[in-house]
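Written below as structure tokens is the structure these notes are about.
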Amino acid sequence: MSPGQTEPIQALTLLSLPTHCRDFLPRGSGIVTRRPLVLQLVNATTEYAEFLHCKGKKFTDFEEVRLEIEAETDRVTGTNKGISPVPINLRVYSPHVLNLTLVDLPGMTKVPVGDQPPDIEFQIRDMLMQFVTKENCLILAVSPANSDLANSDALKVAKEVDPQGQRTIGVITKLDLMDEGTDARDVLENKLLPLRRGYIGVVNRSQKDIDGKKDITAALAAERKFFLSHPSYRHLADRMGTPYLQKVLNQQLTNHIRDTLPGLRNKLQSQLLSIEKEVEEYKNFRPDDPARKTKALLQMVQQFAVDFEKRIEGSGDQIDTYELSGGARINRIFHERFPFELVKMEFDEKELRREISYAIKNIHGIRTGLFTPDLAFEATVKKQVQKLKEPSIKCVDMVVSELTATIRKCSEKYVSSSLSRILKRCRVFSTCLLTCVSWKVMLLIDIELAYMNTNHEDFIGFANAQQRSNQMNKKKASGNQVIRKGWLTISNIGIMKGGSKEYWFVLTAENLSWYKDDEEKEKKYMLSVDNLKLRDVEKGFMSSKHIFALFNTEQRNVYKDYRQLELACETQEEVDSWKASFLRAGVYPERVGASETEENGSDSFMHSMDPQLERQVETIRNLVDSYMAIVNKTVRDLMPKTIMHLMINNTKEFIFSELLANLYSCGDQNTLMEESAEQAQRRDEMLRMYHALKEALSIIGDINTTTVSTPMPPPLWVHCLVVYERPACVARGGPPRPPPTRPLGSCGPHPPPIPPAFPFSLLHSRTLAPTLSFVFSPCPPTAPAPPVLAALALPLLSLLLSVLSLLSLQLPADRVRQVHPVLRAPGPPSTSNQIPLFLGDLPFQACLDGCSVT
Numbered sequence: 001m002s003p004g005q006t007e008p009i010q011a012l013t014l015l016s017l018p019t020h021c022r023d024f025l026p027r028g029s030g031i032v033t034r035r036p037l038v039l040q041l042v043n044a045t046t047e048y049a050e051f052l053h054c055k056g057k058k059f060t061d062f063e064e065v066r067l068e069i070e071a072e073t074d075r076v077t078g079t080n081k082g083i084s085p086v087p088i089n090l091r092v093y094s095p096h097v098l099n100l101t102l103v104d105l106p107g108m109t110k111v112p113v114g115d116q117p118p119d120i121e122f123q124i125r126d127m128l129m130q131f132v133t134k135e136n137c138l139i140l141a142v143s144p145a146n147s148d149l150a151n152s153d154a155l156k157v158a159k160e161v162d163p164q165g166q167r168t169i170g171v172i173t174k175l176d177l178m179d180e181g182t183d184a185r186d187v188l189e190n191k192l193l194p195l196r197r198g199y200i201g202v203v204n205r206s207q208k209d210i211d212g213k214k215d216i217t218a219a220l221a222a223e224r225k226f227f228l229s230h231p232s233y234r235h236l237a238d239r240m241g242t243p244y245l246q247k248v249l250n251q252q253l254t255n256h257i258r259d260t261l262p263g264l265r266n267k268l269q270s271q272l273l274s275i276e277k278e279v280e281e282y283k284n285f286r287p288d289d290p291a292r293k294t295k296a297l298l299q300m301v302q303q304f305a306v307d308f309e310k311r312i313e314g315s316g317d318q319i320d321t322y323e324l325s326g327g328a329r330i331n332r333i334f335h336e337r338f339p340f341e342l343v344k345m346e347f348d349e350k351e352l353r354r355e356i357s358y359a360i361k362n363i364h365g366i367r368t369g370l371f372t373p374d375l376a377f378e379a380t381v382k383k384q385v386q387k388l389k390e391p392s393i394k395c396v397d398m399v400v401s402e403l404t405a406t407i408r409k410c411s412e413k414y415v416s417s418s419l420s421r422i423l424k425r426c427r428v429f430s431t432c433l434l435t436c437v438s439w440k441v442m443l444l445i446d447i448e449l450a451y452m453n454t455n456h457e458d459f460i461g462f463a464n465a466q467q468r469s470n471q472m473n474k475k476k477a478s479g480n481q482v483i484r485k486g487w488l489t490i491s492n493i494g495i496m497k498g499g500s501k502e503y504w505f506v507l508t509a510e511n512l513s514w515y516k517d518d519e520e521k522e523k524k525y526m527l528s529v530d531n532l533k534l535r536d537v538e539k540g541f542m543s544s545k546h547i548f549a550l551f552n553t554e555q556r557n558v559y560k561d562y563r564q565l566e567l568a569c570e571t572q573e574e575v576d577s578w579k580a581s582f583l584r585a586g587v588y589p590e591r592v593g594a595s596e597t598e599e600n601g602s603d604s605f606m607h608s609m610d611p612q613l614e615r616q617v618e619t620i621r622n623l624v625d626s627y628m629a630i631v632n633k634t635v636r637d638l639m640p641k642t643i644m645h646l647m648i649n650n651t652k653e654f655i656f657s658e659l660l661a662n663l664y665s666c667g668d669q670n671t672l673m674e675e676s677a678e679q680a681q682r683r684d685e686m687l688r689m690y691h692a693l694k695e696a697l698s699i700i701g702d703i704n705t706t707t708v709s710t711p712m713p714p715p716l717w718v719h720c721l722v723v724y725e726r727p728a729c730v731a732r733g734g735p736p737r738p739p740p741t742r743p744l745g746s747c748g749p750h751p752p753p754i755p756p757a758f759p760f761s762l763l764h765s766r767t768l769a770p771t772l773s774f775v776f777s778p779c780p781p782t783a784p785a786p787p788v789l790a791a792l793a794l795p796l797l798s799l800l801l802s803v804l805s806l807l808s809l810q811l812p813a814d815r816v817r818q819v820h821p822v823l824r825a826p827g828p829p830s831t832s833n834q835i836p837l838f839l840g841d842l843p844f845q846a847c848l849d850g851c852s853v854t
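Throughout the sequence shown, residue numbering follows UniProt numbering, covering 1 to 854 in sequence.
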């Protein structure tokens, strides 16, 4: 391989290694680098190398490293110049290296040799593109000085993937091998094919030096001597050579680190806040304390009791904002779920009236009664109160389930053995409570059944019930009784006629009307409820609403041309409520229950024909309605109080007072508090992560205070102010040329002073503080300049150069430290004023791309 390409990587690596670490990258003639070599330099206390394909094997002899690279290359590509895109991963650990990732890539070649395929040029190009297209990759475009720069494949590829020149640094090699009388001054001054970051010249060791085992210290001294002694490069010596190349790479990596620090700091702070609460319990962990397990058990039970009370009472410092939990869920059971279960148990209007009618008739027996029997009221009420047992028991079960879930939630953070014991003890206690509370709840219902308090202040009594019945009959006769109002959707109107529409419905004892809105000003239709019946309708496949239909028993159209009127509600509860309202209006379901025989039908007919029985049924119906409202109110009030007293408060008392004694009585406390392997691993990981995050944030603060970012060089071909010393620029050995249409210029890294007799253009571009860039480039031939500007040119240049020297900023080297692998600074403090800082394991790469191989 050409010594101009791999040698910069070799030099960058060996620059910080001791002299006994000789060359470990393969060298030779022809194409030697035939697979990408990913070289990771890691700052560590010991010095060795590892290959990814040789896991667990440490190489301490760097000559063996070189031989292994050659052997691994031959294993995949063969021994006859074949290539492969599969990378070789080498990691070098040393206290003398900087954290950096370098990628050595095969040089561009056009003519296949050996076992290389005919499309070798395209294969190598595709291989290079896999690396250099990454936005976080810094490209070192290596080109030899003794060939035409315009033909450089490295610069061509760099231009394609980095058209703005933000990631490309030109590296010129073989400066010592140029023909006598020629030099690369124009290239290094960034005048010929300028790059935004400019060019850096290096002088590598020759093959003779390598064979003679010339160490890196002597090579660097020879390189420095070459630049200082060469007349064309003397003024550029401070910005040439391998040490300066490393310094530039260090500074670019520092810039990259500082650019990513704000986002990285925010991410680390967020992670630290999220685990700080969990780590709090592990901070004082002492595994060698003999009383640790006993104290831990006591603290665990106390903390468990506090957490349980906070979840029930709602006074915890960790409030769940995503869902209801603990006491809030129990409160919802008391005041939403339980009343809903009571409503679901509401009696069927038709069935209730039939039961009252049968009770009255059975009480009168063979006689014809003249008065309304109160025994019918008592029998009906007892039957309705008996139905309250089912929702009451269901309420108790739901509260027990929520208590168990709350206990499990509070014990999640404890060790598995303790968790199982706590849950077992609490489950046994809750089972006992369930039996006790269920019996007490049944006792409440039995108390209501034991005595009918008809003297209750809220009970309407017989006189008021008969009066209300007469008033209802009068209203029914007048047809003005409003039973229900609400929104319903007529769902069986065709699309051609407007589709489903929502209207405001008003149901009275004699008709059903609907309006455009709830102001009831614009009536759309009024339908008589005579001869109407009600049936259920299955909702459509795509429908989310619940539907029921009204139809005429005489097979007549109900509404315009429709045989039935389909009405839709949002919920099934609304449908049930409307059905009950239609029953009050005399609109019954289509099908008669199996219990209703012909005799029942004749009884219903006789019942409808007996005005006295109808009045008695309505009176009892009003009494039952009034008394059941009192019972429901009492049950809704006493049920939460009973459950709270007998279950929740007793559970809290058990956890605070008896749980610890129960746990101690179960056996060996050491096994009870024994950490599982998973718990110990989790504790160690949490503590390790906590300390790593703290250290990382500390290092970020150090980097912010000890490093300074340098701004990106200005773009090329910016507008410029042109100052001329003489009327026209004369090309070497040729006549004056006509002026171009606009001045040309280029920007590059700090150029040298320009001789007074040389025409120049002054380009001034503002960049970010603290650097001020004044860039010079050769002036193209153009028109004469004003004499005044020409006279001021040289003094102005002198002043600007003085300002530049005053504005030179140095980085202090007062704080270099070894840190956690998350962030790392290089090894022992340097004697120089400037230090590079690196972010370990960040995907920031310096890639070398070479020229044609000779």
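Ideal Cβ positions, reconstructed from N, Cα and C, are used throughout, including at glycine. This one's a predicted model, so the numbers in the text were calculated from it and none came from an experiment.
Checklist entry - Are the CB atoms of ASP38 and ASN89 nearer to each other than 7 Å? => result In the sequence as presented, Asp is not what sits at residue 38; that position holds Val. Cβ atoms of VAL38 and ASN89: closer than 7 Å.
Checklist entry - Roughly how many angstroms lie between the CA atoms of LEU253 and ARG311, to the nearest whole one? => result 51 Å
Next on the checklist: Let me make sure I understand the geometry here. Which of PHE548, VAL624 and GLU554 has the alpha-carbon closest to that of GLU570?
Outcome noted: PHE548
Checklist entry - DSSP beta-bridge partners for TRP487? => result TRP504
Item to check | Whether ARG484 touches LEU507 by CB criterion (7 Å) | outcome: yes
Item to check | Start and end residues, beta strand (DSSP E) containing ARG535 | outcome: 532-537
Next on the checklist: Let me confirm a value: LEU228 is counted as buried when at least 16 other C-beta atoms fall within 10 Å, else exposed. Which label applies?
Outcome noted: exposed
Item to check | Secondary structure of ALA594, DSSP reduced to three states | outcome: In this predicted model, ALA594 has a pLDDT of only 38, less than 50, meaning its place in the structure is not dependable enough to derive any value.
Checklist entry - Cα-Cα, which of GLU574, LYS409 and VAL428 is closest to GLY486? => result GLU574
Checklist entry - Straight-line CA distance for ASN43 to THR60? => result 15 Å
Checklist entry - Helix or strand or just coil, what does DSSP make of ASN552? => result strand
Checklist entry - Can you name the residues that DSSP bridges to ASN89? => result VAL38
Next on the checklist: Just verifying my parser: in three-state terms, what is the DSSP assignment at GLN116?
Outcome noted: coil
Checklist entry - To which residues of the same chain is GLY165 closer than 6 Å at the C-beta, ignoring the five residues directly before and after it? => result LEU195 and ARG196
Next on the checklist: Excluding the 5 residues flanking GLU378 on each side, which residues of the same chain have their C-beta closer than 7 Å to its C-beta?
Outcome noted: MET452
Next on the checklist: Given a cut-off of 7 Å on the beta-carbon distance, is the pair ARG91 and GLU47 in contact?
Outcome noted: no
Checklist entry - Ordered along the chain, which non-local residues of its own chain (more than five positions away) have a Cβ less than 6 Å from that of PRO787? => result Reliability of the predicted coordinates at PRO787 is poor, the pLDDT of 44 falling under 50, and no value is obtained from them.
Next on the checklist: Does ASN43 come out as helix, strand or coil in the three-state DSSP assignment?
Outcome noted: strand
Next on the checklist: In whole angstroms, give me the CA-to-CA distance for LEU697 and VAL203.
Outcome noted: 41 Å
Checklist entry - Which residues share a DSSP beta bridge with LYS523? => result TYR515
Item to check | Integer Cβ distance of MET108 from ASN146, believed to fall under 8 Å | outcome: 17 Å between Cβ atoms; not a contact.
Next on the checklist: For PRO144, list the residues DSSP reports as bridge partners.
Outcome noted: THR173
Item to check | Alpha-carbon to alpha-carbon, ASN99 and ALA825 | outcome: Unreliable positioning characterises ALA825 in this predicted model, as indicated by a pLDDT of 37, which lies under 50. The coordinate reading is nonetheless provided below. In a straight line, the C-alpha of ALA825 is about 8 Å away from that of ASN99.
Item to check | With 16 other Cβ atoms within 10 Å as the buried cut-off, status of PRO751 | outcome: Confidence in PRO751 is poor, its pLDDT being 45 and thus under 50, which makes the residue's placement too unreliable to answer from.
Checklist entry - When you compare only the Cα positions, how much space is there between ASN362 and VAL617? => result 13 Å
Checklist entry - From the DSSP output, which residues share a beta bridge with THR168? => result ILE139
Item to check | Own chain partners of LEU449 with C-beta closer than 6 Å, once the 5 adjacent residues on each side are dropped | outcome: LYS382 and VAL385
Checklist entry - From PRO611, ASN492 and LYS545, pick the residue whose C-alpha is nearest to that of GLN564; which is it? => result ASN492
Next on the checklist: Considering only the alpha carbon of each residue, which of THR79, GLN40 and GLN130 lies closest to ASP97?
Outcome noted: Before going on, a small fix: residue 97 reads as Val here, not Asp. Nearest C-alpha to VAL97: GLN40.
Next on the checklist: How far does the beta strand (DSSP E) with PHE51 in it extend, from its first residue to its last?
Outcome noted: 48-51
Item to check | Coil, strand or helix - TYR244 by DSSP | outcome: helix
Next on the checklist: If the criterion is Cβ atoms closer than 7 Å, does the pair VAL587 and LEU532 meet it?
Outcome noted: yes
Next on the checklist: Just to check my reading of the structure: VAL396 and VAL441 have Cβ atoms closer than 8 Å, yes? What is that Cβ distance to the nearest angstrom?
Outcome noted: 6 Å
Checklist entry - With respect to the alpha helix (DSSP H) encompassing TYR627, which residues constitute its N-terminal and C-terminal limits? => result 611-643
Checklist entry - So what does DSSP say about MET606, is it helix, strand or coil? => result Summary for MET606: the model assigns pLDDT 41, below 50, so the residue's position carries little reliability; its value from the coordinates is reported in the next sentence. MET606: helix per DSSP, three-state reduction.
Item to check | Test item: CB-CB of THR77 and ILE83 under 7 Å | outcome: yes
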